[in-house]
């Protein structure tokens, strides 16, 4: 998985597409951990694929400690993301990965954050989760 993640930034579009298709096809639970570890990657394409990859691992029930930590990382990423394309992918994943935790985190941020920009973004997250639509 790590090797494929390094290939998504290739100059060759065929290699990029191959790596992307392989990565998004992974369903083994170990992939969730690898994707989660790349949520703050400095490379936009790797971060995008890591975020998008997590959408394939929906959490049911209350989730586990690792899932809650990953949901918190996704939430923090959404609060600070400036790239609109990456933000659209984050919203998509927030709705699919662990939506109940995403709602909880967004409500908490909207109510308690001292930062008005974070409160605004949290409101956007809540609206996107409520609508249940992409984009």
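In the working numbering, the protein residues as written are 91 to 225. Glycine included, each C-beta is placed from N, C-alpha and C at the ideal position. Just so we're clear, the structure is a prediction, and the values are computed from it rather than from any experiment.
By the neighbour-count definition (other C-beta atoms within 10 Å, threshold 16), residue 140 is a buried residue.
For residue 129, there is no enclosing alpha helix (DSSP H), since its DSSP letter is neither H nor E. If the five residues before and after residue 131 are omitted, its C-beta is found closer than 7 Å to the C-beta atoms of 137 and 140, all from its own chain and listed in chain order.
Around the Cβ of residue 128, a 10 Å sphere holds 16 or more other Cβ atoms; the residue is buried.
Judged by DSSP secondary structure, residue 183 falls within the alpha helix (DSSP H) whose first and last residues are 174-186.
Spanning the alpha carbons of residue 99 and residue 106 requires a straight line of approximately 7 Å.
Assigned with DSSP and collapsed to three states, residue 150 falls in coil, not helix or strand. Counting along the chain, the unbroken alpha helix (DSSP H) around residue 143 starts and ends at 134-144.
Ranked by how close their Cα comes to the Cα of residue 218, the residues 181, 103, 152 and 121 have 181 in first place.
Proximity to residue 115 across 185, 183, 160 and 144 peaks at 144, based on C-alpha coordinates. Measuring C-alpha to C-alpha distances from residue 212 to each of 162, 112 and 96 identifies 162 as the nearest.
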